[in-house]
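These notes are about the structure you will find just below.
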Amino acid sequence: MAAPGSKTLHTLDGEWAMNKKLSESIDEVLRLQGLPYFARAAIKLASPSYTIRQSVFPSEDPDSKQETVTCVETVQRLSGVAETTDVRILDDKVLDEKTMFWGKTTKQHGWAQVNEFENEYLREGWLFDGKDSKLMVTYTESKDKGWKGTQVTGFRLVNDERYYCVRILVEKEEKSAVAQLVYDYVC
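Heads up: the sequence shown begins at 8 in my numbering, then just goes up one per residue.
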């Protein structure tokens, strides 16, 4: 189901499910990130669902330009696989991470204006509610596998309906790959 008008980047709380028919293939993105074929095949077969909880709290950083900071906690469930939780604090701080899936990475979560993206694919087609023209963004750099990724989150029209979407750009050496993931609002 398309996203209701009450859902914005500031009111994402709820249940969401990936719409595989409307989403683009993510295989080339994952290949550039160094995922083996069997892992990519398993991801392609999965039907993930998500619970998103969002909160806003006062910024504790005296150097921050933001008075408040948004935290987006996403619990991902795959049938037959344990759930995972991803917490993104949108404060533009660079974090070091190490996971079994991606290895050593640095990540930076924050807000960005659409004109801040050099890549046309990441800029085009976003919808804004009139009050805010910012999108959620995550920049990731792999320390082990040599790729850089940009993930932009917002709302877009897909088949003339408003959906919650994520656009991804991954670059490695002279190669790049993009994909759009589209999510149905469940409740």
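Even for Gly, the Cβ is constructed at its ideal location relative to N, Cα and C.
Using only alpha-carbon positions, find the residue among 71, 63, 30 that is nearest to residue 53. Working through the sequence shown from its first residue, we reach residue 53 at position 46. Of the listed residues, the one whose Cα sits closest to residue 53 is 30.
For the segment 92-135, list the alpha helix (DSSP H) runs that are entirely contained and at least 4 residues long, ordered along the chain. Annotation note: the segment 92-135 contains the following uninterrupted alpha helix (DSSP H) runs of length 4 or greater, listed N- to C-terminal: 127-130.
Between residue 150 and residue 88, what straight-line distance do the alpha-carbon atoms span, to the nearest angstrom? By 1-based counting over the sequence shown, the position of residue 150 is 143. By 1-based counting over the sequence shown, the position of residue 88 is 81. Between residue 150 and residue 88, the alpha-carbon positions lie close to 27 Å from each other.
DSSP three-state label for residue 28, please. On the sequence shown, position 21 is the one that residue 28 refers to. If DSSP states are grouped into helix, strand and coil, residue 28 belongs with coil.
Out of 97, 127, 110, point me to the one whose CA is closest to residue 119's CA. Residue numbering aside, residue 119 sits at position 112 when the sequence shown is read from its first letter. The candidate whose alpha carbon is nearest that of residue 119 is 97.
Continuous alpha helix (DSSP H) stretch holding residue 33: start and end: As a first step, residue 33 must be located in the sequence shown, where it is residue number 26. That residue, residue 33, is in no alpha helix (DSSP H); it is neither H nor E in DSSP.
Taking the beta carbon of residue 106 as the centre, do at least 16 other beta carbons fall within 10 Å, making it buried, or is it exposed? Mapped onto the sequence shown, residue 106 falls at position 99. When all chains shown are included, residue 106 counts as exposed.
Other residues of its chain near residue 95: CB distance less than 6 Å, five sequence neighbours each side excluded: The residue given as residue 95 occupies position 88 in the sequence shown. Closer than 6 Å at Cβ, skipping near neighbours: 79, 116.
Touching or not, the segment 64-79 and the segment 40-49, by the rule of three or more beta carbon pairs under 8 Å? Because the criterion of three Cβ pairs below 8 Å is not met, the segment 64-79 and the segment 40-49 do not touch.
Less than 8 Å between the beta carbons of residue 148 and residue 155, yes or no? Walking along the sequence shown from the start, residue 148 turns up at place 141. Walking along the sequence shown from the start, residue 155 turns up at place 148. Remark: C-beta atoms of residue 148 and residue 155 approach each other more closely than 8 Å.
Unbroken beta strand (DSSP E) runs of length 3 or more, entirely within the segment 32-75: which are they? For the segment 32-75, whole beta strand (DSSP E) runs of length 3 or above, ordered along the chain, are 56-65.
Whole angstroms are fine: how far does the CA of residue 184 sit from the CA of residue 37? What you label residue 37 is simply residue 30 of the sequence shown in a count that begins at 1. What you label residue 184 is simply residue 177 of the sequence shown in a count that begins at 1. For residue 37 and residue 184, the gap between their C-alpha atoms comes out near 9 Å.
Hey, is the segment 54-65 in contact with the segment 15-26, meaning 3+ C-beta pairs nearer than 8 Å? The answer is yes - the segment 15-26 touches the segment 54-65, with three or more Cβ pairs under 8 Å.
Would you kindly check if the distance between the Cβ of residue 85 and the Cβ of residue 128 is under 8 Å? The residue given as residue 128 occupies position 121 in the sequence shown. The residue given as residue 85 occupies position 78 in the sequence shown. No, they are not a contact pair.
With DSSP run on the structure shown, which of helix, strand or coil describes residue 16? Position 9 of the sequence shown, counted from the first residue, corresponds to residue 16. In this structure, DSSP gives residue 16 a state outside helix and strand, which the three-state scheme calls coil.
Could you pull out every residue in the same chain whose Cβ sits closer than 7 Å to the Cβ of residue 163, ignoring the five residues on either side in sequence? By 1-based counting over the sequence shown, the position of residue 163 is 156. So the list reads 132, 133, 134, 170, 172, once near-sequence residues are dropped.
Residue 143 (DSSP reduced to helix, strand or coil): The residue you call residue 143 lines up with position 136 of the sequence shown. Here residue 143 sits in strand by DSSP.
Under the rule that 16 or more other beta-carbon atoms within 10 Å means buried, what is residue 75, buried or exposed? As a first step, residue 75 is located in the sequence shown; it is residue number 68 there, counting from the start. Sixteen is the threshold: since fewer than 16 other Cβ atoms of the shown chains lie within 10 Å of the Cβ of residue 75, the residue is exposed.
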